[in-house]
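Below is one structure, written out as structure tokens; comments come after it.
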Amino acid sequence: YQRRVRGMMVDGHEEGGMEEEEDEIPDVEVVPGMIPDERAGVEMEEEEEEEDVVDMAELTFNQHKGSVFCVAVSKSEKFLITGGEDDFAYIYDITGSEAPYQKIEGHKDSVTHVGFSSTDKYYFTADLSGYIQLFETDTHRKIWDFEVGDVRWVIWHPIVPILL
Numbered sequence: 021y022q023r024r025v026r027g028m029m030v031d032g033h034e035e036g037g038m039e040e041e042e043d044e045i046p047d048v049e050v051v052p053g054m055i056p057d058e059r060a061g062v063e064m065e066e067e068e069e070e071e072d073v074v075d076m077a078e079l080t081f082n083q084h085k086g087s088v089f090c091v092a093v094s095k096s097e098k099f100l101i102t103g104g105e106d107d108f109a110y111i112y113d114i115t116g117s118e119a120p121y122q123k124i125e126g127h128k129d130s131v132t133h134v135g136f137s138s139t140d141k142y143y144f145t146a147d148l149s150g151y152i153q154l155f156e157t158d159t160h161r162k163i164w165d166f167e168v169g170d171v172r173w174v175i176w177h178p179i180v181p182i183l184l
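Written as structure tokens, this is what we have:
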């Protein structure tokens, strides 16, 4: 039991007398691994069942086998590139083409940077290990690759097709 004393002091004198109250505090057994609500004897509410979610997306990009780290859309809004932790990049034709996507292989680590040149003529993919690939957008033909060591960032020059 816990005992509380209530009273008020004014100029060093007690006002209104002292009242004692007794509150009952239940004994609590502390068990390792239990959450506080269980120790206090409070019943946990059961989790509500999740409702079925209806997918209303027009396009779904689900080729990656892990997290997606980067996305870029061409200025023409015809193509989209994704890069992920599965060491792959994908380029999608988002206009409803018969060939909706192409897998970009060759990376040695997570693909963390992708992008289109200012004219959409080229696109690049780069991974954490520093491997960069450059492709022609229309043909998806790789025209250049280079390894630079760890990559912190890669970006196109805003006017000319030069990677910085």
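Numbering (the working numbering), first residue to last: 21 to 184. The beta carbon of each residue, even a glycine, is placed where N, CA and C say it ideally should be.
Cβ-based neighbour list, residue i, same chain, cut-off 6 angstroms, excluding 5 preceding and 5 following
| i | result |
| --- | --- |
| Q83 | Y110 |
| V91 | T102 |
Nearest-angstrom beta carbon gap, residue j and residue i [assumed within contact, 8 angstroms]
| i | j | result |
| --- | --- | --- |
| G150 | G135 | So it is not a contact: roughly 16 angstroms between Cβ atoms. |
| V131 | F89 | 7 angstroms |
| H133 | V171 | 7 angstroms |
Local conformation of residue i per DSSP, three classes
| i | result |
| --- | --- |
| F81 | coil |
| G104 | strand |
| V88 | strand |
| Y21 | Low confidence applies here, because Y21 scores a pLDDT of 42, under 50, leaving its location unreliable and the question unanswered by this model. |
| E156 | strand |
| E167 | strand |
| D113 | strand |
| L184 | coil |
Residues near residue i by beta carbon distance below 8 angstroms, same chain, minus five either side
| i | result |
| --- | --- |
| Y142 | F136, L154, F155, E156, T157, I163 and P181 |
| E167 | S149, G150, Y151 and I152 |
| H179 | Just to set this straight, residue 179 is Ile in the shown sequence, not His. Excluding positions up to five away in sequence, the list reads S138. |
| G86 | G104, E105 and D106 |
Contacts around residue i, its chain only, beta-carbon distance under 7 angstroms, and the 5 residues preceding and following it disregarded
| i | result |
| --- | --- |
| Y112 | F81, F99, L100, P120 and Y121 |
| L79 | I114 |
*Any contact of the segment 114–121 with the segment 156–163, i.e. 3+ C-beta pairs under 8 angstroms?*
no
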